[in-house]
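Chains as they are written, first to last, in the numbering used here: chain E, 146 to 378; chain Y, 655 to 942; chain L, 4 to 259; chain U, 16 to 299.
Positions of the beta carbon are idealized from the N, C-alpha and C atoms, including for glycine.
To start, the structure itself, in structure tokens.
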Amino acid sequence: MLRVEKLNVYYDRLHVLKDISFEVKEGEIFSIIGANGAGKTTLLRSIMGLKDVADGKIIFKGKDITRLKAHERASLGISLSFEGGRILRTLTVEENLRLGAYRIDKDRFEERLRFIYKLFPRLEERKKQIAGSLSGGERQMLSISRALMTEPELLMLDEPSFGLAPKIVIEIFQVLKKLNEDTGLTLLLVEQNVKQALKIAHRAMVIEAGYEVTRGTPDEILTNKEVIEAYLG
Amino acid sequence: MNYYLTILIYMGINSILALSLNIIVGYAGQISLGHAAFYGVGAYTSALIATKLGVSFWVALPAAIVMTAFIGAILGLPSLRVSEDFLAITTIGINFVVQATFKYVKFFGGALGVSGIPFPSIGHHNLSLAEFALMTTIFTVLAAIITYWVSVSWIGLGLKAVREDELAASSSGVNVYKFKVLAFIIGSALAGLAGSLYAHFMMFITADDFSFPLSITILSMIVIGGIGTVRGAFLGAILLTILPELFRPLANYRMLVYAILLILFMRFLPEGLIGDESILWKKLTRKA
Amino acid sequence: MEKANQKSVILEVKNVKKRFGGIQALKGVSVTLYEGEILGLIGPNGAGKTTLFNCIAGVYHPDEGEILFKGKHIEKLPPNRIAGLGIARTFQIVRPFKTLSVIKNVMVSLGHRNYVGYGRLFKRPKKDDYERAMELLKTVGLDGKKDEISANLSLGELRRLEVARALALNPEIILLDEPYAGLRRHEEGRISEMILDLKKRGLSIIIVEHRVRLLMELVERVVVLDMGKIIAEGSPEEVKRNPRVIKAYLGEEEVA
Amino acid sequence: MFLQQVINGFASGGIYTLVALGLTLVYGVLKILHIAHAGIYALGAYLALIAYRIYPNIYFAFAFAMVGTAIGGYLVQKYLYWPILDKPRIVPLIASIGLFLALEELYRLIWGPYVIPFPQKFHWKSYNLGHIRLPGSDLFVFALSLFFLFILYWIVNRTKVGLAMRAVSDDKEVAEASGIDSKWIIALSFIIGSALAGAAGLMVGVYYNSIYPTMGDVPAYKSLAIIVVGGMGSIEGTVIAGFGLGLLEALLIGYLPFAFPRDALAFIAMIIFLLIKPEGLFSR
């Protein structure tokens, strides 16, 4: 579904991604794991079209999208839930969701909204609340929901466990897993939380300082010495 | 001849204004769109002291400088609370309020302004135009030396650090508040000097001489010349003094040409003619 | 731990709490730094490490708790005073004075004594000052780039420049905020060398870092922060084996 | 007397609000202080003049002025602001002031420096409410401002593009990732804001029966004060600050024991306000 070929990305003169290549297959959960500053967020931003790519290709459903703008990619079916539960703080919860559904028509919006509220009933209780007043966990739920409202075929998630209590992390990951199993939604998950990410992933890749370290199935990675090294030395 | 001398005097006064604003905007990075207010405070202080107390220019001038420095410290205080766009608008507001105060408060002469300001004299000798021009030039050079000195001494280093990054400056031991206020004090004091010169040269001032468009003109001088540099402030002041004179045949289109130049500069050459980052300056220094 | 105990305490953070809006970033954190040691401060994203740093450096003032530097209260002082007292820092996201040259960046800090009062403000830097700045640039290996505009440096160079700038304060403590973030492998080694060199000069150092592997080679003692609380403290080996740390880093075991 | 001042305050407050709203919209999406906006406002008055000479119908004049200013606003953002967005903040600010000056000069060269009366004198009926006289001109301006405010309110809060405008002004990247073409939304903010300014220009031209090149000066600076007090980019804040200023002026001028210009009052109010609450009424 998504193919990234030899991606190179810079911030000013800083080389953030170095020859990153991988493929996400339809219906799978693919995790990218790495410590802070490894380039994970930049990778997702590049795929979304929020960051210019210096070199390399991004192919989505067989179409080269490397030069498309973010909103065009969104209409093709790519969606991103930003890091740290980044949502539109001055809008209400429901307006955030409405915004996610910008490109879809009204009937499907209502249907989609019911679907989201079923996933995260807590959002329905808070639907008239200004999003900036939500708790960290609720924001994360809203961020994922906003991304889901675009009816994506590929949902990218940037550290959904960031700064959250373990209980909420488990709840969120359960929802993600269920989404993938029930609807076949393809997920590209970026995480620091290794075990959590690997638990639900089908395949994963580890990056460090912009390079690929290793890739494989969760079991292969969890037993990989290099990964443990990268994290705890 | 008198025409050229007058132009020379304007050039000097404008250079002092540009140099003084450069300390606030160029060195310390505090956007000020109300510099004409400080200029006006200097001019009015000098004019009122000279006419009401009957003192000479030589007493009025330092008094104007001290007064403007003091007002500058007070009016610079908002820069401690607000920054960037808020500060820009606040300084516009300061310009309007100061101008309105001059215009509507009787003490300042009201709409009629202040007239009968004495032309400077030494003993019983009234300065000639040429002598005034010489004096202005000397003050201009002095102002240039002061601003240059500020730029290369410890205070200049601290100011530029504040301009680049307040948090990093603070972590390097720079007291950001103190430095911002100091920039306003020094910049205002020099503007006060320019104001005093102007008042005693014109011998008649009104509030409208210190309106907001003048603040923009002063700011344009340093931006067009190259912000943050002494040479840029000078070049900008000279250019913007001479250009309107050159455009005199175009009298009717003068302001339009000027405004369009401003837009073109911002659009295509925002680093100024000879600023540190300008192509021209880079070429010049590479060869040297 | 035993070795550290023999030394005197230079910095003491006592029960510091800090809240931002609805988020309690620090929930009562106490840390002690001994003279001449390198203390590692680790923890996952959002654990509160940088907030703690900013409290020590005076950028934030704690809502509760005390911070003592050589027995003196500093929790209410502004950053410039704390810098003047001898606590220097670097930034996670580098903050050079972009348009100034490399040497001028260092000169800014070098002048910290001249910024107090008014007498020395209008003096020009002397030859000694330039020589001192050059010396500092040499220790971080940037002497060859002294006239380069700092915006043109690579990230690794900027991190070293920040260290030189910090050293110019003649500090007793230096706080390094993620000195390795975003660096290439060959640059990492240089930073490690530099940090060990700082220790040799008798500086006390706190390093915030995600990359535990790099830290382990440097530090004697590690404090682990998670969700605003200290969850472990000890030698690198101890910390590595601590199940709570593994859980915080590698995540919850239980899913679905 | 008092109520009349209030009505007058509401009328001028309405105009201030209409002009300042354009600035707020632009500031929200681009973070630029669009001072030339007041030049667009004066353009509205002149375009209405042209329209009225072609076809003397007030509705036609409104349409003509608003379409014209909308196009003007669109061109300004496309050719002036867009290319210099990544430059230091002072650059677009000075460019904007330069454009404002240039526009005023252009109007002076084209239409002359003098005051032109609006071609038709409107005969305002005054209404009596008990023994209070309500001047028709004030009611006209107030009602029309409310009408436009309502339309804007409806666009911003009840339509999809309005949602997109608020989203872009809150967080451009999240908006883009939701499928919004932020470039177009920014252009649209300029278009809507400029059309409102055009309408305000026309209304003032009719209200005072005078159109002149520098008629934008006062609204230019006042709307700056208004958006500061309103909290830079907040629409509700701007509406409250705009009407508040109109009322404050009308009441103070009526009762102040000494002469002080209305225009400086706005700034004094702003500076006092800033010292008390530096982040504005409805900051985010």
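Between the CA atoms of residue j and residue i - distance to the nearest angstrom
i	j	result
Met-70 of chain U	Gly-83 of chain U	Note on identity: in this sequence residue 70 of chain U is Tyr, with Met being the wrong assignment. Computed Cα separation, rounded: 16 Å.
Gly-122 of chain L	Tyr-802 of chain Y	18 Å
Ala-50 of chain L	Ile-209 of chain L	16 Å
Gly-954 of chain Y	Asn-676 of chain Y	Since the first residue of chain Y shown is 655 and the last is 942, residue 954 of chain Y is not available in this structure.
Lys-141 of chain L	Ala-183 of chain E	29 Å
Ser-733 of chain Y	Gln-684 of chain Y	7 Å
Ile-86 of chain U	Gly-29 of chain U	23 Å
His-160 of chain E	Ala-76 of chain U	57 Å
Glu-240 of chain E	Ala-182 of chain U	9 Å
Leu-172 of chain L	Phe-265 of chain E	52 Å
Arg-148 of chain U	Glu-264 of chain U	20 Å
Lys-52 of chain L	Glu-223 of chain L	18 Å
Asn-656 of chain Y	Thr-791 of chain Y	16 Å
Phe-724 of chain Y	Glu-294 of chain U	27 Å
Leu-14 of chain L	Ile-77 of chain L	10 Å
Gly-688 of chain Y	Ile-242 of chain U	18 Å
Gly-763 of chain Y	Lys-757 of chain Y	7 Å
Phe-157 of chain U	Gly-151 of chain U	10 Å
Gln-164 of chain E	Asp-200 of chain E	According to the sequence shown, residue 164 of chain E is Asp rather than Gln. Spanning the two alpha carbons is a distance of roughly 9 Å.
Val-806 of chain Y	Val-109 of chain L	15 Å
Gln-341 of chain E	Met-301 of chain E	16 Å
Glu-931 of chain Y	Leu-108 of chain U	20 Å
Gly-113 of chain U	Leu-836 of chain Y	30 Å
Whole-number beta carbon distance between residue j and residue i, since they are thought to touch under 8 Å
i	j	result
Leu-260 of chain U	Ala-284 of chain U	7 Å
Thr-54 of chain L	Lys-21 of chain L	6 Å
Glu-336 of chain E	Ser-176 of chain E	6 Å
Ser-824 of chain Y	Asn-83 of chain L	5 Å
Lys-322 of chain E	Ile-289 of chain E	Lys-322 of chain E to Ile-289 of chain E, Cβ: 13 Å. No contact.
Per-residue DSSP class, three states only, for residue i
i	result
Asn-143 of chain U	strand
Ile-928 of chain Y	coil
Thr-368 of chain E	coil
His-779 of chain Y	strand
Ala-349 of chain E	strand
Ile-840 of chain Y	helix
Tyr-831 of chain Y	helix
Gln-92 of chain U	helix
Ile-315 of chain E	helix
Ile-703 of chain Y	helix
Gly-31 of chain L	strand
Glu-151 of chain L	coil
Ser-226 of chain E	strand
Phe-72 of chain L	strand
Ala-51 of chain U	coil
Leu-3 of chain L	The structure shown has nothing for residue 3 of chain L, since chain L only spans 4 to 259.
Ile-291 of chain U	helix
Neighbouring residues, chain C, relative to residue i (Cβ below 9 Å)
i	result
Gly-680 of chain Y	No chain C is part of this structure, whose protein chains are labelled E, Y, L and U.
Residues that DSSP places opposite residue i in a beta bridge
i	result
Val-226 of chain L	L:Leu-44, L:Glu-236
Asp-209 of chain E	E:Ile-204
Glu-168 of chain E	E:Arg-148
Asn-241 of chain E	Answer by DSSP bridge pairing: none, since Asn-241 of chain E is not bridged.
Glu-217 of chain E	Beta-bridge pairing links Glu-217 of chain E to no other residue.
Any contact between the region 241 to 261 of chain U and the region 91 to 100 of chain U? By contact I mean 3 or more CB pairs, one from each, below 8 Å.
Flag = no, the region 241 to 261 of chain U and the region 91 to 100 of chain U do not touch.
Within the chosen definition, does the region 182 to 192 of chain E reach the region 164 to 183 of chain U through at least 3 CB pairs nearer than 8 Å?
Between the region 182 to 192 of chain E and the region 164 to 183 of chain U, the count of C-beta pairs closer than 8 Å stays below three; the two stretches do not touch.
Would you call the region 176 to 185 of chain L and the region 120 to 139 of chain L in contact, with 3 or more CB pairs under 8 Å?
The count of Cβ pairs closer than 8 Å, one atom from the region 176 to 185 of chain L and one from the region 120 to 139 of chain L, stays below three, leaving the stretches out of contact.
Give a yes or no on contact between the region 180 to 195 of chain U and the region 75 to 95 of chain U, applying the rule of three or more CB pairs nearer than 8 Å.
Contact check between the region 180 to 195 of chain U and the region 75 to 95 of chain U: fewer than three CB pairs, one atom from each, fall below 8 Å, which does not count as touching.
Closer than 8 Å is the cut-off here; do at least three beta carbon pairs connect the region 70 to 80 of chain L with the region 807 to 816 of chain Y?
The region 70 to 80 of chain L, when compared against the region 807 to 816 of chain Y, does not touch it at the 8 Å Cβ threshold.
With a threshold of 8 Å, are at least 3 pairs of Cβ atoms found where one atom belongs to the region 690 to 699 of chain Y and the other to the region 842 to 862 of chain Y?
A contact exists between the region 690 to 699 of chain Y and the region 842 to 862 of chain Y.
Does the count of Cβ pairs from the region 916 to 927 of chain Y and the region 124 to 136 of chain U closer than 8 Å reach three?
No, because fewer than three Cβ pairs between the region 916 to 927 of chain Y and the region 124 to 136 of chain U fall closer than 8 Å, the two stretches do not touch.
Counting Cβ pairs, one atom from each stretch, are 3 or more of them under 8 Å apart for the region 144 to 153 of chain L and the region 98 to 112 of chain L?
In short, these stretches touch, since the Cβ pair count reaches three.
Does the pairing of the region 857 to 873 of chain Y with the region 776 to 783 of chain Y give three or more beta-carbon distances under 8 Å?
They do not touch, by the three-pair rule.
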